[in-house]
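Student:
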Amino acid sequence: MAFVETSKRNLFRQAWLTAFATALFCLAATALQAAETKSLKGVALIIGQSKYEHIAALPNPANDARDMAKMLTDLGFDARNVTDRDAAKLKRDLERFTEDAEGADVAFIYYSGHGIEAGGENYLVPVDADISSLKDADAALVPISAVMGALKTTVPVAIVLLDACRTNPFPADAVVRRAPTASASQIGAGGLEPVRGAKALGNAAGTDASLGTVVGFAAEPGRPALDGAVGENSPYAAALLRHLAAMKGTEFGSVMRMVTEEVYLDTKAKQRPWVNESLRRLLYFGIAPPEPTGDDGLITGERRQLLLTISDLPDPKRAQVELASLQEGVPLDALYGVLKALGTEKIPEDPTDLQKVLDAQAERLKKMMSERAALRTDDPEIKRLVASADKAIAQGAIVTARKFLDDAVGRVEQTGAAVDEAEDLVKQKRLADAAIYVRRADASALVFDYKSAAGDYAKAFSLAEKWDDKLRWNYKNQEAEALNAYGYASGDLDALQRSIEAYRIILNFIPNGEQNRDWAITRNNMAVVLQTIGERETETAHLDEAAQIFRDSLIVFEREKDDLNWAAAQNNLANVLLKIGERESDPKRLNEAVAAMRATLEKRPRDKVPLDWAASQNNLGLALYALSEREAAGEHLTQAEAAYRLALEEYTREKAPVEWAMVENNLGNTLVSLGIQLNDKAKINAAADAFRAALEVRTRETFPVSWATSRLNLGNALSGVARFDLGTSALEEAAAAYDDALTVFTRQRFPMDWASAQNNLGSIYQTLGQRTRDAARLEQSAAAFQAARQVYVRRKFPLDWAMSHYNLGNTLQLLGGVTDKPEHYGEAIAAYRDALREYKRETNPRQWALAQAGLGSTLHWLSMSNADPKPLLESIAARRAALEVLTVEAAPVDWANAQNGIGMSLLNLGNLQRTDKYLNDAEAAFTATLKVFTRESQPMQWAFEQNNLGDIHWNRASYGGGKAEYRKAIEFFENAKQGFTEAGYTMPIPLTDQKIDLVKKQLAKK
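The working numbering numbers the first residue of the sequence shown as 3 and each following residue consecutively.
#1: Does DSSP classify Ser865 as helix, strand or coil?
#2: Run through DSSP, which three-state label would Pro145 get?
#3: Give every residue of the same chain whose Cβ lies closer than 8 Å to the Cβ of Asp494, excluding the five residues on either side of it in the sequence, and list them in chain order.
#4: Using CA atoms only, rank isn't needed, just tell me which of Trp863, Asn868, Val895 and Gly819 is closest to Leu852.
#5: What residue from Val934, Glu263 and Asp165 has the CA that sits closest to Arg225's CA?
#6: With respect to 6 Å, is the separation between the Cβ of Ala543 and the closest non-hydrogen atom of the ligand GDP below this value?
#7: Decide if Asn205 is buried, meaning its Cβ has at least 16 other Cβ atoms within 10 Å, or exposed.
#8: Quick one: grab the DSSP three-state call for Phe928.
#9: In the DSSP assignment, the beta strand (DSSP E) including Gln188 goes from what residue to what residue?
#10: Identify whether Thr215 lies in helix, strand or coil by the three-state DSSP scheme.
#11: Touch check for the stretch 588–601 and the stretch 619–637: three-plus C-beta pairs under 8 Å?
#12: So what's Asp381 in DSSP terms, helix, strand or just coil?
#13: Just the Cα atoms here: how many angstroms apart are Met989 and Thr845?
#14: Rounded C-beta distance between Leu575 and Phe552? I'm assuming under 8 Å.
#15: With DSSP run on the structure shown, which of helix, strand or coil describes Ser758?
#16: Just verifying my parser: in three-state terms, what is the DSSP assignment at Glu123?
#17: Would you check if the distance between the CB atom of Asp132 and the CB atom of His245 is smaller than 7 Å?
#18: Is the beta carbon of Gln273 less than 7 Å from the beta carbon of Val261?
#19: By Cβ distance, which residues of its chain are closer than 6 Å to Asp102, with the 5 residues on each side in sequence left out?
#20: Which residues in the same chain as Tyr490 place their Cβ atom closer than 8 Å to its Cβ, once the five residues preceding and following it in sequence are excluded?
#21: Considering only the alpha carbon of each residue, which of Val84, Tyr841, Asn573 and Met754 lies closest to Asp588?
#22: Return the CA-CA distance between Gly105 and Thr156, expressed in angstroms with no decimal places.
#23: Ala504 by DSSP, collapsed to three states: which one?
#24: Take Asp923 as the anchor and find which of Ile954, Arg606 and Ala403 has the nearest alpha-carbon.
#25: Give the straight-line distance between the Cα atoms of Ala456 and Lys610, rounded to the nearest whole angstrom.
#26: Keeping to the same chain, check which residues put their C-beta closer than 6 Å to that of Leu74; ignore five residues upstream and five downstream.
#27: Could you check which residue in Glu383, Asp381 and Ala391 has the C-alpha nearest to that of Met370?
#28: Taking the C-alpha atoms as reference points, what is the distance between Lys1002 and Ala959?
#29: Taking the straight line between their C-alpha atoms, what separation do you get for Arg632 and Glu698?
#30: Distance check for Asp802 and Ala790, CA to CA, integer angstroms please.
#31: For Ala343 and Val401, I'd like the C-alpha separation in whole angstroms.
#32: Taking the alpha carbon of Ile878 as the reference point, which residue from Glu886, Ser907 and Leu885 has its own alpha carbon closest?
#33: Between the stretch 649–666 and the stretch 823–833, are three or more C-beta pairs nearer than 8 Å?
#34: Classify Asn868 as buried or exposed, calling it buried when 16 or more other Cβ atoms lie within 10 Å of its own Cβ.
#35: Just reading off the beta strand (DSSP E) that Phe110 is part of, what are its end residues?
#36: Within this structure, are the beta carbons of Ser618 and Thr602 separated by less than 7 Å?
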């Protein structure tokens, strides 16, 4: 079986590099290491280059330099600030600084201005630089490697922070020469590159007296940085000022990670700094300025922890958060704060589950932001607390926001008893109090405390119910949503039932039972809860009820011309029909799911909602793929492939890596099925490539469930590849892939996936046993299929149950031949007939035909074991029935195998009855197989057919056909030998030689 998944949206961003060694660099104390107490000397040079004379000026470096100089002075550095330096002055400044650093413990350079990279060297650009400076760059510009080299020989610790990654200020085609006679190098497209003088700690020589270097860039290597708004600091400088100036004993690696993520959030993911650090000892100096206090102190403290949490998130998860922020229009900081509140260890590994979390919480954040202006209170303390909560949420400090709102609710409850003096005041007070409960409920939901959120929404509903019809509707609806979220996350059926009851209460608010837009939206939401319940049950009653409600909603949305909600309801209907259809033998529901998904696409135009369009294309592919399993030809598979390829036009690896990998996985499943049906090795190889590509994103560390899914599907593709390769290497690799999948898909946690992996592993053992004639492998195969049947019970999963019996029949048939025990043939026949209890020609034509062909093959071998012609007649009938479905166009290999089987049975039937009357039909069947089994594409099968045709002519000769038939027999047997040799399958050659010798002897007697 294959694994497929539904679509979510994602945005990919380039990975960044931080090369922190194990030693730490710390600020805001007074000792070199724990055992030392001497005061340290730190010197700093701060350079700000704004007023460029010949190239683009930069408004902010002078501001950056001024503020950085003050901060470093406050930290205890002997700091010198210079601005707008030409080449001569800038070089003198750096030479003087190197001299001043003699005897210091730490040298710190901060540079803000233009910088370029060419030929592996980074250059600082003086303010008098022009295009001619590039002809003699070492003289007219300032190479950074020379500065680093001088500092390393002068001072134990050198720190260089370069806010110099702006875009190239020179013409795009300009080249750089280090000296007038040196070779030319292109200027880097954007930003600086890692400084060659900075090296990792592990490469430092033991005799090096330097304690190390720190080189920081405002942006990743090769990427430009932002200058910031005119008159302010650059994002990099602002982050340094915020976090370096306020640390007390925090290790330098953590400080710079905070700086990195502060810039990342401040620029909305457009810029991320980069650090190369190779310190070998702990270092402390200076006394930090006072920390923020009060509300700001609480917010800042949680934000710093948030920044460290963000720095540990893998890029695929970052990409999903960025895309959710962009699409939903909510602050990136707040969404990351939501994930921190959830807890790193609880962040969903599966990208689909993570997307659900982000979508739900982004919706809550939008709601909270939209309701800010609606909050009215005359209590100044509540105003302060709510304002601080809003600020905390914007900064991603969600837990702190919850505390402020807890205090606000406490204030509400303290003053609640004094509000009954006048009706109007009571109303205002009750609605204001309800709003505070709602605010806390929103904050609770942001930290995934849906149960508490539901309680607060219920309290808000009770306060507003008699005063405001619109608010009572909204609060009861939010209570229903929170109960649904809690029930979905916890599996609490009671919470899901209470959610449905809440929606029914809302429906009673609609006057006169009018079936309007609000009625349709509410029932649609209630149906989503019913679907959640139905998916966890073995019966389909709740799924059927949900489907009917979605249909009712569609009528209203169409009447109201509400395309957005119509498309959402249609999508929901397609999903529930797919869930029902997967459990049924009749493909009717699957056809309905395909039609519903196509209808959804009509309301999701690619030019307006490209990612929604791509998601619907992927989901259409899923429905078509499921439908293809109920058909004989490959029409729906071809359509599914086309749908996935359309989705990949929008889901690119760069823009949406997680979604791209998911669609690659789904496409691979379709290509495997098409390749097997059409005997197309290229498609199966393409499927394996698709799974391997998906696994580059779906790593076990980041997405263990998705990794296991794609490993299992890769095993399926390798199993298909093995059809064209007589060796066992592809089969062994497939078995390893299935074993990998089973390390994640345990029976306790993932029973369906575990059963699927067991089934597929059984198929691999089956083929290995067939090729090596190893009875032990075949016994393993039978055991795996029987294990899968522990989950695939007939009442719940009729088609999977039938599949496991069909596969078991194939293994038992082979086991009978390998062990020469006819009782296994009887067991195989029983297994095929069990499969045919569910596989019907009308609803499952291809599976029915394959089971008929398998039954015919086993009946043939049973006849050979007991010399009874009756099973041969049954065998021929079963295979001819299969050929009514298995056509050469739709299923060439299966068609050819059935033709070969008919020929074998006819040939053997004639031998048992001692007659030649079946030889012509047998010859026609063997000859027909050669349309598929060509010498070029399948030399081994071609050789067997040549051998079989040789047997036909030998039999004819034996019945008086004459010398010509003997010669024909020898010709076909010789062809067979050549084919076996070309295929590398030498086992049948000795028997073929014996046949040739016998035929020649018989011919000689004529």
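All C-beta atoms in this analysis are idealised placements derived from N, C-alpha and C, irrespective of residue type, glycine included. For clarity, every value in this text was computed on a predicted model and none was experimentally measured.
Tutor: Reading it off the structure:
#1: DSSP places Ser865 in helix when its eight states are reduced to three.
#2: strand
#3: Cβ neighbours of Asp494 beyond the five flanking positions: Tyr488.
#4: Closest option to Leu852, Cα to Cα, is Val895.
#5: Relative to Arg225, the option among Val934, Glu263 and Asp165 whose CA is nearest is Asp165.
#6: Of the ligands one can find in the structure shown there are none, so the ligand GDP has no counterpart to examine.
#7: Because the pLDDT of Asn205 is 36, which lies under 50, any placement of that residue in the model is unreliable, and the number read from its coordinates should be weighed accordingly. Classification for Asn205: exposed.
#8: helix
#9: Ala186 to Gln188
#10: strand
#11: yes
#12: coil
#13: A direct Cα-Cα distance of roughly 42 Å separates Met989 from Thr845.
#14: 4 Å
#15: For Ser758, the secondary structure class from DSSP, reduced to helix, strand or coil, is helix.
#16: Reduced to three states, the DSSP call for Glu123 is strand.
#17: no
#18: no
#19: Val45
#20: Leu498 and Thr534
#21: Tyr841
#22: 8 Å
#23: helix
#24: Ile954
#25: Approximately 36 Å between the Cα atoms of the pair.
#26: Ala46 and Ala81, listed in sequence order.
#27: Ala391
#28: 12 Å
#29: 32 Å
#30: 9 Å
#31: It is roughly 6 Å from the alpha-carbon of Ala343 to the alpha-carbon of Val401.
#32: Ser907
#33: no
#34: exposed
#35: Counting along the chain, Phe110 sits inside the beta strand (DSSP E) bounded by residues Val108 to Ser114.
#36: yes
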